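Peer 1: Letter 14 of the sequence shown, counting from 1, is numbered 27 in our numbering, and no numbers are missing.
Dropping a structure here in structure tokens format, bear with me for questions.
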Amino acid sequence: MAFTDLDDFLKTHPKLERRKKMLVFSELVYKPTGEKVLEGFRYFACDMQQVLDRFANRDFAGLQALPFAVDDDGDADTSAVRLDVAFTASGSMVAAQPVEYQNYNPTCVSEVLFLEGEAAKSAVDAVNELDQTR
Numbered sequence: 014m015a016f017t018d019l020d021d022f023l024k025t026h027p028k029l030e031r032r033k034k035m036l037v038f039s040e041l042v043y044k045p046t047g048e049k050v051l052e053g054f055r056y057f058a059c060d061m062q063q064v065l066d067r068f069a070n071r072d073f074a075g076l077q078a079l080p081f082a083v084d085d086d087g088d089a090d091t092s093a094v095r096l097d098v099a100f101t102a103s104g105s106m107v108a109a110q111p112v113e114y115q116n117y118n119p120t121c122v123s124e125v126l127f128l129e130g131e132a133a134k135s136a137v138d139a140v141n142e143l144d145q146t147r
């Protein structure tokens, strides 16, 4: 079964829009609050099933407890197991999706989880901590 990837999901979601910024740049905005959507990811040093088990239960704190992929210097690294995330700084919206590299190709292994309201607010701190791009 093929799942829509997070980028395509965000591009087509009715509560999100791309706004032009200057002439050639744009940013994704959560329309109900007008906030910029931050996008990122985290690579894990475990098997995908461990990520999926926690993801299915919306257990972002449990995801934080899994081993992250790090290099010999202790810096963030890549692996075959990734969680893509998108969120607003205030926590009005959170989206996430597990991705596994299969034969060197990123493959979505679950539907996008899209949270709003209190569910998003309760998850945003953990999701922000998961994001290795910040």
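Glycine included, each C-beta is placed from N, C-alpha and C at the ideal position.
All values derive from a computational prediction rather than experimental measurement.
1. Ala82 to Tyr56, Cα distance in whole Å?
2. When the distance is taken between beta carbons, is Leu23 closer than 7 Å to Ala99?
3. Could you name the residues that DSSP lists as bridge partners for Tyr56?
4. Give me the Cβ distance between Gln63 and Glu142, rounded to the nearest whole Å; I'm assuming they're in contact under 8 Å.
5. Looking at the secondary structure, which residues open and close the alpha helix (DSSP H) in which Val137 lies?
Peer 2: Straight from the coordinates:
1. Position 69 of the sequence shown, counted from the first residue, corresponds to residue 82. Position 43 of the sequence shown, counted from the first residue, corresponds to residue 56. Our two residues, Ala82 and Tyr56, have alpha carbons roughly 5 Å apart in a direct line.
2. Taking the first residue of the sequence shown as position 1, residue 99 is located at position 86. Taking the first residue of the sequence shown as position 1, residue 23 is located at position 10. Less than 7 Å divides the Cβ of Ala99 from the Cβ of Leu23.
3. Counting from one through the sequence shown, the residue named residue 56 turns up at place 43. In the DSSP secondary-structure assignment, Tyr56 is bridged to Arg95.
4. The count along the sequence shown starts at 1 and reaches residue 63 at position 50. The count along the sequence shown starts at 1 and reaches residue 142 at position 129. Between Glu142 and Gln63 the Cβ distance is about 18 Å, and since that is not below 8 Å, they are no contact.
5. In the sequence shown, the residue the question calls residue 137 occupies position 124. If you look at Val137, you'll find it in the alpha helix (DSSP H) that goes 130 to 143.
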